[in-house]
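Engineer: Residue numbers (this note's numbering), protein chains in the order written: chain A, 1 to 587; chain B, 588 to 1174.
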């Protein structure tokens, strides 16, 4: 296995099941996630195969998702991130793993790859080639982007370098890009004691999350002391006084002893595209078995185009889970083509921890649904993660997108506990083609420390079913101005809740008094629709049922004041009336 | 609503959708779970309905599942358990809730129930009757069972009484029955400082759990200082010296200042059966809309027969989640019969916290599958609940039953973290009819604090798919004696692992040396099959693949030594060889 690499001859190519006794050579480009999963599975299926893994970097099979946690010290030793080494992989799986082997050419007719190694270039033949080159960090063409203080966070050496700076003199960090990795880095840098600013080009952190949920993450970043500059872009990185200065397009200048660049990734496929591998916007085009347009060449992971399970859109998905599982299925496609199962469409489930919160999503978001022209309903709920009367109850802020047919299109959640569980249940429901009414019927594990007799997911199903059959007519915080212009807003919370802030021009009738005060509502509404709201949407649902059965045109605010405040975000302070502001106005 | 109750006349009965303007009277027997859910849903659907809830006890809508936690003080105030009162239900939902109203008769022809109240008996007419009487604790006919120290744990007063004893002089508790409630009570009593013994008639605690998982719970009970008497029954409760003495059939005598009786529940249906409501072994027979055999009479919750979603067996299911959701669907069946969805078959998901562990199950267990004659495969896995390299990684001990067609029949899990999530995902998969191969494809939320790129559920799917296509041939700890008699047991763990205990008569070849030592294995096996094992089943899978491709008849121990030790239970100490026992033998 560790023998010198000869200039290898082509072997018989596997067109279908290998004849008994044949020993195919499988060459895998890329030694993490897809690549290493393919290698391990191939070995378990075929002891005779020669399996070469060519990795450009210093390490294979490292914990890429753990890199931010070494920067902050939560993972103390970088060695922890090295799950396997070429030596352990050789011993356990008889893999021939070569690091610092950069594939620089592919000749599909000759079935060879050209590889740059520490000992010079060489040509390696294959029977089957698996391309798992992954993605590269996007480096925007900013003046100063090549400053040595600017680092991406893609490799173990990246993490080790950043960790050394954090342990050293670095006091101020700027994170460019508030996606998943950016927020993990920001959280970790702040936990390590640095002064951290996050810059996000779009109008809110965690762009894939809807704004009304991302606002909760922004609030947590505030609590952690992390400055959020959303709706802002860096225009230059300038040398400063013993540090760099990140200049934003709004004029802000942020001192930075280090800058983490996390503005996205792009499939790393130029070598293969140049060799005739079909790509789409840089991502390798594959069929459901990972086959490229070239014979004997498969591809998977961050570098390929996936089909979105909800919208059907084709796009690259840079997620560790699907990448790992695709590797296994590509090995099956190579070695057991007759029975290999297709690589599934991507549901796109993702999650991030930010301080005390988890935030995540599954399926499509509003932007993706709009782009695909898919009409949908949206509901917001704020149930407790476990029985409300059991110690430690905390809200799961949950959002569900679904269509008129009850199809679950997407879900998002933010909260301190139980977020990952609800996302996983909903991801399973999406994969299984369950509809919103099926969510009502899920028998989820209930004991007081773990859930509720009506789990948040059950409740989401009930509310969605109510929307579909007309029992619940929601209105949405995003439509607030139109609602204020056309409707009477009826706030059915208690007096004490009202004092924490309310919309201007409301009628206040606690929900327990509504049945007795319908005439008053009728008089004030004066023929207008009545838009009911409460704190989370439960009481307003009940109240709007009372009103509708009494002949009113009524609707209930989805997610109540909790969602309304989050939707208003920083403008909530000026849009809502509180006793304090009321006094100022009266003065 | 609070007006004196007249002797009510029959109203027009709802044979199908109510005519506009009709105000049906819905009478609901039982004010928790099914009953209160039915009442609340009925009100949201119909403001005009007269809705009476008749509850035998002092409280309605109380947190029955929270009772053990008040006994131990984790829920400090009993008021916390009273989620609603008749007054709050009247104000919010315009319900007429009457406690201490015990239904003692039913005249289905007259459409009336006879009710014993604090003010004497009266007759109440109904248009629709919902029977949600729940279940009663089983009281075995033991001598001394009526001792005042013996309590069940079904009502708030039960919990308050036990709490007062715990706060008082009680030092020793005996819990009869180690089911869910029994273990919750035992955990709480121990946490409150009492000396606790648990007595369980079957051969292991948590009888619905398979023994090899229950052993982990027993170990946790040991750690908590709770004495476990399994395979033992109480034969008498005798007066002792300032306490009772619980006498077991093995002669053990357990001093008890208090005894919690938790040996099961029985549907509480005698009154209704006597009135002609069809029952099966005491449980009310209903159709998929909760209809009994009598017109205008529905029933739901712990008192009715459910269909098991996996086995098709009809049996009562005493679980809070299904009971609550059935109430909602019964209200739909009454008020919207044309569009009401059926009450689903029961998947039977359940969970319990015991100290640091959670233990639970979904779907059918081995006993239920055997009773239903359903052939099945079983697999055991011990993956970490999140990325192994991330701090806090701990094992989820997972078990999966599935059939030859890949249908998921049941799953069980025990662990310190992430158990509820995996059970919920698997419960959703069972409800959705997903097969084991679909588990491979689940896009579950992954970031290092929450999961793994290959989640335990994905891994279970992969292993099961390997079994179905013959890639993995498991052997089982339950068959140990037969395997020892027929096969060479090959232990592929490291030397250090071997020193913690191993089976007698093994051949030891670390898995990394196996390829080079095949001749040695062949010589020792001498034609026998080779039963491979490692610590958790991962390396033995790889090793048995190597052996099979080299021509051996080989299999891999499901769940490895972890499952084998748990299966052996208390006999592990004598069945396994350790350096200590080896020295003893040599001496």
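All C-beta atoms in this analysis are idealised placements derived from N, C-alpha and C, irrespective of residue type, glycine included. The structure displayed is predicted, hence computed values, not measured ones.
What's the gap between the Cα of residue 589(B) and the Cα of residue 671(B)?
Structural biologist: Stepping through the second chain from its first residue, residue 589(B) is reached at position 2. Stepping through the second chain from its first residue, residue 671(B) is reached at position 84. Bear in mind that the predicted position of residue 589(B) carries a pLDDT of just 37, short of 50, making it unreliable; the figure below should be weighed with that in mind. Approximately 17 Å between the Cα atoms of the pair.
Engineer: Rounded to the nearest angstrom, what separates residue 282(A) and residue 1129(B) at their Cα positions?
Structural biologist: Taking the first residue of the first chain as 1, we reach residue 282(A) at position 282. Taking the first residue of the second chain as 1, we reach residue 1129(B) at position 542. Rounded to the nearest angstrom, the two C-alpha atoms are 37 Å apart.
Engineer: Looking at the unbroken alpha helix (DSSP H) that takes in residue 1131(B), where does it start and where does it end?
Structural biologist: Taking the first residue of the second chain as position 1, residue 1131(B) is located at position 544. Its alpha helix (DSSP H) spans residues 1125 to 1136.
Engineer: Pop quiz: residue 425(A) and residue 442(A) are said to be a contact at Cβ under 8 Å. What is the actual Cβ separation, rounded to whole angstroms?
Structural biologist: Position 425 of the first chain, counted from the first residue, corresponds to residue 425(A). Position 442 of the first chain, counted from the first residue, corresponds to residue 442(A). Indeed they touch by this definition, with Cβ atoms about 7 Å apart.
Engineer: Taking residue 1032(B) as the reference, give the member of 427(A), 459(A), 255(A), 185(A) with the closest Cα.
Structural biologist: In the second chain, counting from the first residue as 1, residue 1032(B) sits at position 445. The candidate whose alpha carbon is nearest that of residue 1032(B) is 427(A).
Engineer: In chain order, what residues of the same chain have a beta carbon less than 8 Å from the beta carbon of residue 656(B), not counting five sequence neighbours either side?
Structural biologist: What you label residue 656(B) is simply residue 69 of the second chain in a count that begins at 1. For residue 656(B), where only same-chain residues beyond five positions count, the Cβ hits under 8 Å are 662, 771, 775.
Engineer: Between which two residues does the beta strand (DSSP E) harbouring residue 989(B) extend?
Structural biologist: For this step, residue 989(B) is matched to residue 402 along the second chain. It spans 983 to 989 - the beta strand (DSSP E) in which residue 989(B) sits, taken as one unbroken run.
Engineer: I want to see whether chain A comes within less than 8 Å of residue 1095(B), judged by CB atoms only; does it?
Structural biologist: The count along the second chain starts at 1 and reaches residue 1095(B) at position 508. For residue 1095(B), the answer is no, since every Cβ of chain A falls outside 8 Å of its Cβ.
Engineer: With 8 Å as the threshold, decide whether the Cβ of residue 1045(B) is near any Cβ in chain A.
Structural biologist: As a working note, residue 1045(B) is residue 458 in the second chain. It does: the Cβ of residue 1045(B) has a partner Cβ on chain A nearer than 8 Å.
Engineer: List in chain order: all unbroken beta strand (DSSP E) runs of 3+ residues lying wholly within the region 86 to 136 of chain A.
Structural biologist: Whole beta strand (DSSP E) segments, 3+ residues: 96 to 98, 102 to 107, 112 to 117, 120 to 125, 128 to 131.
Engineer: Taking all protein chains shown into account, do 16 or more other C-beta atoms lie within 10 angstroms of the C-beta of residue 520(A), making it buried, or fewer, making it exposed?
Structural biologist: By 1-based counting over the first chain, the position of residue 520(A) is 520. Answer is exposed; the Cβ neighbour count stays below 16.
Engineer: Could you spell out the range, first to last residue, of the alpha helix (DSSP H) harbouring residue 481(A)?
Structural biologist: Stepping through the first chain from its first residue, residue 481(A) is reached at position 481. Note, residue 481(A): alpha helix (DSSP H), 480 to 486.
Engineer: When you compare each of 214(A), 576(A), 176(A) to residue 142(A) by their alpha carbons, which one comes out closest?
Structural biologist: Within the first chain, the letter at position 142 stands for residue 142(A). Looking at the Cα atoms, 176(A) is the closest of the given residues.
Engineer: Using 8 Å as the threshold, is the C-beta distance between residue 47(A) and residue 1136(B) below it?
Structural biologist: Position 47 of the first chain, counted from the start, is the residue given in the question as residue 47(A). Position 549 of the second chain, counted from the start, is the residue given in the question as residue 1136(B). Contact: yes.
Engineer: Just to check, is the beta-carbon of residue 543(A) closer than 7 Å to a non-hydrogen atom of the ligand ATP?
Structural biologist: The ligand ATP is not among the ligands present in this structure, which contains no ligands whatsoever.
Engineer: So, with DSSP's three-state summary, where would you put residue 842(B)?
Structural biologist: Residue 842(B) sits at position 255 when you count from the first residue of the second chain. Correct three-state label for residue 842(B): strand.
Engineer: Quick one, which residues of the region 663 to 683 of chain B are near chain A if we go by CB-CB under 7 Å, in chain order?
Structural biologist: Those would be 667, 668, 670, 678, 679, 681, in chain order.
Engineer: Counting Cβ pairs closer than 8 Å, one from the region 157 to 172 of chain A and one from the region 322 to 338 of chain A, do we hit at least three?
Structural biologist: Taking 8 Å as the limit for Cβ pairs, the verdict is that the region 322 to 338 of chain A does not touch the region 157 to 172 of chain A.
Engineer: Residue 850(B) by DSSP, collapsed to three states: which one?
Structural biologist: Taking the first residue of the second chain as position 1, residue 850(B) is located at position 263. Residue state, collapsed to three classes: coil.
Engineer: Mind checking if residue 339(A) is an interface residue toward chain B, Cβ cutoff 8 Å exclusive?
Structural biologist: Position 339 of the first chain, counting from 1, holds the residue named residue 339(A). Taking Cβ atoms only, chain B reaches closer than 8 Å to residue 339(A), which makes this a yes.
Engineer: Could you check the C-alpha separation between residue 709(B) and residue 860(B) for me, to the nearest Å?
Structural biologist: For the purposes of this step, residue 709(B) is taken as the residue at position 122 of the second chain. For the purposes of this step, residue 860(B) is taken as the residue at position 273 of the second chain. Computed Cα separation, rounded: 20 Å.
Engineer: Please report the distance separating the alpha-carbon of residue 1141(B) from that of residue 874(B).
Structural biologist: Your numbering for residue 1141(B) matches position 554 in the second chain. Your numbering for residue 874(B) matches position 287 in the second chain. The alpha-carbon atoms of residue 1141(B) and residue 874(B) are separated by roughly 50 Å.
Engineer: Leaving out five residues before and five after residue 510(A) in sequence, what residues of the same chain have Cβ atoms less than 8 Å from its Cβ?
Structural biologist: For the purposes of this step, residue 510(A) is taken as residue 510 along the first chain, with counting starting at 1. Here the set comprises 492, 493, 494, 495.
Engineer: Does DSSP put residue 819(B) in a helix, in a strand, or in coil?
Structural biologist: Taking the second chain and counting its residues from 1, the one referred to as residue 819(B) is at position 232. Residue 819(B): coil per DSSP, three-state reduction.
Engineer: Would you give the residue range spanned by the beta strand (DSSP E) that residue 960(B) belongs to?
Structural biologist: Residue numbering aside, residue 960(B) sits at position 373 when the second chain is read from its first letter. Run containing residue 960(B): none; DSSP gives neither H nor E here.
Engineer: Check whether the Cβ atoms of residue 758(B) and residue 831(B) lie closer than 8 Å to each other.
Structural biologist: For the purposes of this step, residue 758(B) is taken as the residue at position 171 of the second chain. For the purposes of this step, residue 831(B) is taken as the residue at position 244 of the second chain. No; because the gap between Cβ atoms is not below 8 Å, this pair is not in contact.
Engineer: Which residue's Cα is closest to the Cα of residue 254(A): 329(A), 242(A), 264(A)?
Structural biologist: Walking along the first chain from the start, residue 254(A) turns up at place 254. Looking at the Cα atoms, 242(A) is the closest of the given residues.
Engineer: Strictly under 8 Å for the Cβ-Cβ distance: is residue 949(B) near chain A by that measure?
Structural biologist: Here residue 949(B) corresponds to residue number 362 of the second chain, with the count starting at 1. Yes, because at least one Cβ of chain A sits closer than 8 Å to the Cβ of residue 949(B).
Engineer: Whose CA, out of 950(B), 980(B), 1162(B), lies closest to the CA of residue 80(A)?
Structural biologist: Sequence index remark: in the first chain, residue 80(A) carries index 80 (1-based). Ranking 950(B), 980(B), 1162(B) by Cα distance to residue 80(A) puts 980(B) first.
Engineer: Is it right to say residue 664(B) is buried, meaning 16 or more other beta carbons lie within 10 angstroms of its own, or is it exposed?
Structural biologist: As a working mapping, residue 664(B) is identified with position 77 in the second chain. Looking at its Cβ environment, which holds fewer than 16 other Cβ atoms inside 10 Å, residue 664(B) is exposed.
Engineer: Could you work out which residue in 1002(B), 847(B), 954(B), 855(B) is closest to residue 746(B) when comparing CA atoms only?
Structural biologist: Stepping through the second chain from its first residue, residue 746(B) is reached at position 159. Nearest of 1002(B), 847(B), 954(B), 855(B) to residue 746(B), Cα basis: 847(B).
Engineer: Mind checking whether residue 64(A) and residue 320(A) have CB atoms under 8 Å apart?
Structural biologist: The residue labelled residue 64(A) in the question sits at position 64 within the first chain. The residue labelled residue 320(A) in the question sits at position 320 within the first chain. Their beta carbons are under 8 Å apart, which means residue 64(A) touches residue 320(A) by this criterion.
Engineer: Using only the alpha-carbon positions, how far apart do residue 864(B) and residue 1146(B) sit?
Structural biologist: Taking the first residue of the second chain as position 1, residue 864(B) is located at position 277. Taking the first residue of the second chain as position 1, residue 1146(B) is located at position 559. One C-alpha to the other measures close to 48 Å.
Engineer: Cβ of residue 555(B) less than 8 Å from any chain A Cβ?
Structural biologist: Nothing can be reported for residue 555(B), as the shown portion of chain B is limited to 588 through 1174.
Engineer: Compute the distance between the beta-carbons of residue 793(B) and residue 801(B), then report whether it is under 8 Å.
Structural biologist: Walking along the second chain from the start, residue 793(B) turns up at place 206. Walking along the second chain from the start, residue 801(B) turns up at place 214. Yes.
Engineer: Checking contacts by CB at 8 Å: is residue 652(B) closer than that to chain A?
Structural biologist: The count along the second chain starts at 1 and reaches residue 652(B) at position 65. Yes, residue 652(B) counts as interfacial toward chain A.
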